[in-house]
Amino acid sequence: MNTPSHCLKKPVVCCISASDSSGHAGHQCDLRVVQDLGTHGVSVISGLTAQNSRTISQVEITSAQSFAAQMSALTDDISIETVKVGLLLSADQVEQTAAFADSFSGDVIVDPVLASTTGTEFNSAELLNAYPALLASTSLLTPNIPEAEKLLGTVLNTDEDVIAATIQLRNMGAKAVLLKGGHRGQSPDNRYVYDYFDDGEHQFWLRQTRLESVNTRGTGCALASAIASFVAQGKPMMDAVVLANAYVHQGIHSGFAIGQGNGLLGNKGWPSDFSYYPAIAASIDGFDQPAFASCDTQALGIYPIVDSLEWLERLLALGIKTIQLRVKDIDYNHLDLIIKRAVELGKQYDARLFINDYWQLAIKHQAYGVHLGQEDMDEAQLQEIQQSGLRLGLSSHGEYEWLRAANFKPSYIAMGSVFPTKTKTVHTIGLDNLKAWSRVLGPHFPLVAIGGITRQNLKSVVQCGVGSVAVVSAIRTDQHYRQSVEQLQAEFTSELARSPITELPQTP
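Sequence positions in the sequence shown follow the working numbering and run 146 to 653.
Okay, here's the thing in structure tokens:
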């Protein structure tokens with residue numbers, strides 16, 4: 146039965162910004178982006194600007210009464226998921242917005258527009274002095290270099306300056322900061338643009354290839370509005386940040402000119418091409434990592450995860466060619482013997498045996514590969530694993546995590562939990578995310594879906610575009626595991642034949 150139209154709902158983003166009569170940036174850009182990404186935009190107009198592609202000729206500030214009335218009208222009737230703040234034209238508007246944000250329970254994304262691309266300044270001393278009150282209720286602040294310099298009263302020249310600036314801005318009240326580096330030439334040949342994110346717990350650089358384009362009006366507006374839209378649809382902040390970065394890069398690629406000056410970004414929906422996504426690294430010199438050895442296929446097949454040598458040998462004997470040994474809380478000496486025997490069995494059956502977590506022992510006994518979770522990437526010596534020739538599989542649960550994994554060029558990337566699982570409490574990603582992520586990553590990495598996968602839902606998982614399906618309970622809790630393995634193998638092979646996976650070039 147179809148849902149009545151009056152029962153359908155869309156996430157709502159409240160855009161607080163000034164009208165741009167040319168439509169290049171400002172409020173028109175905000176609403177265009179919000180709609181393009183599947184959310185609904187509502188308006189609080191801070192002022193009217195008379196402008197075109199080359200200049201701003203007049204600015205008319207919205208009265209305090211009208212500014213407050215717009216906010217009140219919205220909150221009296223509409224449920225708002227996120228707020229995006231752009232150009233504010235007076236100290237009074239900053240204070241009014243700060244009070245509005247303080248009373249708002251959702252996330253507030255603030256793009257501190259302090260000057261236009263065409264050169265008009267919006268940063269009086271009174272306005273800058275009022276900004277800390279707004280920062281106190283800011284979930285994410287997205288300044289460019291000149292804006293950060295004005296807010297802090299300092300000059301940012303080096304990478305260390307950028308890092309220190311995000312800390313200062315967080316100390317002023319912002320929960321997280323994305324400092325945009327487009328105004329800095331940071332590499333010897335100026336090939337890249339580096340942004341920096343810091344939320345107090347996570348810090349990372351985002352690198353994009355610098356595009357030679359004049360169609361870049363409204364990039365700051367588009368970025369903040371895209372982040373607000375992704376957050377409104379349930380994305381965690383770090384995932385929203387990398388998605389929005391890709392969205393803007395995609396928009397510059399499809400930009401176009403209106404008028405005689407610089408043009409504006411195109412609006413092409415959720416980014417699905419991997420080339421639009423930023424590279425992610427914890428340090429500025431952490432990019433361009435050497436690739437890990439590749440597996441011999443992109444379609445790794447049914448991929449059981451077992452916790453004992455007994456289960457390992459049972460399944461290898463049934464023809465399983467990709468398998469993982471995941472054991473916990475075992476005495477080191479006993480663990481050493483278990484992994485040694487597991488590697489022997491893997492080689493005996495000519496299988497791809499991955500050892501979970503214990504990378505030192507996997508190297509010692511020359512296993513086929515190692516599988517690590519996101520939290521293990523900080524502890525493991527990835528360079529040592531890479532140099533040993535072992536393959537590496539990495540877990541991911543969202544856009545930020547699979548981009549972080551992709552920077553290390555692993556042998557495969559696992560994505561999950563697709564469904565709820567009985568083995569542990571997990572965040573589920575669902576089939577829609579799995580399909581979208583497979584479209585982005587599939588041409589570049591072997592993909593493994595994991596979490597709650599059974600015979601009943603296997604078909605829907607494979608149809609998302611993955612070349613491997615990890616199973617745990619679907620086999621180990623089954624008294625008739627031999628029959629289950631045969632059926633899973635047959636159904637996987639049959640379904641994969643309908644949606645074949647394109648093989649990747651093999652890395653030497």
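Quick reminder that beta carbons are idealized off the backbone N, C-alpha and C, glycines included.
Do the segment 514-524 and the segment 310-324 touch if we need at least three Cβ pairs shorter than 8 Å? no
Opposite residue 216 in the DSSP bridges: which residues? DSSP, once it has assigned bridges, lists no residue as partnering residue 216.
Between 629, 215, 502, which lies nearest to residue 245 when the distance is taken from Cα to Cα? The option with the nearest alpha carbon to residue 245 is 215.
Tell me which residue opens and which closes the alpha helix (DSSP H) that residue 245 is part of. Segment 236-248, the alpha helix (DSSP H) holding residue 245.
Below 6 Å CB to CB, which residues in the same chain sit around residue 362 once its five sequence neighbours on both sides are set aside? 169, 170, 262, 407, 409
Beta strand (DSSP E) runs wholly inside the segment 502-562, at least 3 long, in chain order: 514-517, 536-541, 557-561
Residue span of the beta strand (DSSP E) that contains residue 159, given as start and end: 157-165
From residue 653 to residue 437, what does the alpha carbon distance come to, in whole angstroms? Residue placement at residue 653 is poorly supported in this model, since its pLDDT is 32, which falls under 50; the coordinates still yield a value, given next. Going from the Cα of residue 653 to the Cα of residue 437 covers about 9 Å.
Have a look at residue 561 and residue 574 and give me their C-alpha separation to the nearest angstrom. Straight-line Cα distance between these residues: approximately 6 Å.
Measure the C-alpha to C-alpha separation of residue 342 and residue 186 and round it to an integer number of angstroms. Our two residues, residue 342 and residue 186, have alpha carbons roughly 26 Å apart in a direct line.
Is residue 185 helix, strand or coil when you go by DSSP? strand
Using a Cβ-Cβ cutoff of less than 7 Å, which residues in the same chain neighbour residue 103 once the five nearest sequence positions on both sides are dropped? In the structure displayed, the chain extends from 146 to 653; residue 103 sits before or after that span and is not available.
Which whole-angstrom value is the C-beta distance of residue 411 and residue 419, which I expect to be below 8 Å? Not really, about 18 Å apart at Cβ, beyond 8 Å.
Residue nearest to residue 326 in terms of C-alpha spacing, selected from 242, 385, 390, 529: 390
How about residue 396 and residue 380: do their beta carbons lie closer than 8 Å? no
Mapping the DSSP letters down to three states, classify residue 471 as helix, strand or coil. coil
Start and end residues, beta strand (DSSP E) containing residue 449: 446-451
For the alpha helix (DSSP H) containing residue 395, name the first residue and the last one. 382-398
Pairing CB atoms from the segment 583-590 with CB atoms from the segment 418-435, are three or more of them under 8 Å? yes
Grab me the residues of residue 467's own chain with a C-beta within less than 6 Å of its C-beta, minus the 5 sequence neighbours each way, in chain order. 445, 446, 448, 497
Can you give me the C-alpha to C-alpha distance between residue 104 and residue 324, rounded to a whole angstrom? Here the chain covers residues 146 to 653 and nothing more, so residue 104 does not appear.
Own chain partners of residue 225 with C-beta closer than 6 Å, once the 5 adjacent residues on each side are dropped: Hits under 6 Å: 157, 159.
Whole-number beta carbon distance between residue 200 and residue 373, since they are thought to touch under 8 Å: Contact flag wrong, Cβ pair sits at about 28 Å.
Tell me, to the nearest whole angstrom, how far the beta carbon of residue 513 is from that of residue 484; I am working on the premise that it is less than 8 Å. Residue 513 to residue 484, Cβ: 12 Å. No contact.
Output the boundary residues of the alpha helix (DSSP H) element that contains residue 646. First-last for residue 646: undefined, no H or E at that position.
Provide the residue span of the alpha helix (DSSP H) that contains residue 205, from first to last. No alpha helix (DSSP H) holds residue 205; the beta strand (DSSP E) holding it covers 201-206.
If you measure between the beta carbons of residue 565 and residue 597, is that distance less than 8 Å? Yes, the pair counts as a contact, with Cβ atoms nearer than the cut-off.
8 Å Cβ cutoff met for residue 440 and residue 257: no
Mind pulling the beta strand (DSSP E) runs of 3 or more residues that sit fully within the segment 251-297? DSSP runs (the beta strand (DSSP E)) wholly in the segment 251-297: 252-255.
Residue 322 bridges to which residues according to DSSP? 286, 343
Using C-beta distances below 7 Å, list every residue in its chain close to residue 311, excluding the 5 sequence neighbours before and after it, in chain order. Taking residue 311 as the centre and dropping the five residues before and after it, the same chain places the C-beta of 322, 324, 341, 343 closer than 7 Å to its C-beta, in chain order.
Straight-line gap, residue 606 to residue 305 (C-alpha atoms, nearest Å): C-alpha separation (whole angstroms): 44 Å.
Tell me the rounded alpha-carbon separation between residue 358 and residue 491. Going from the Cα of residue 358 to the Cα of residue 491 covers about 52 Å.
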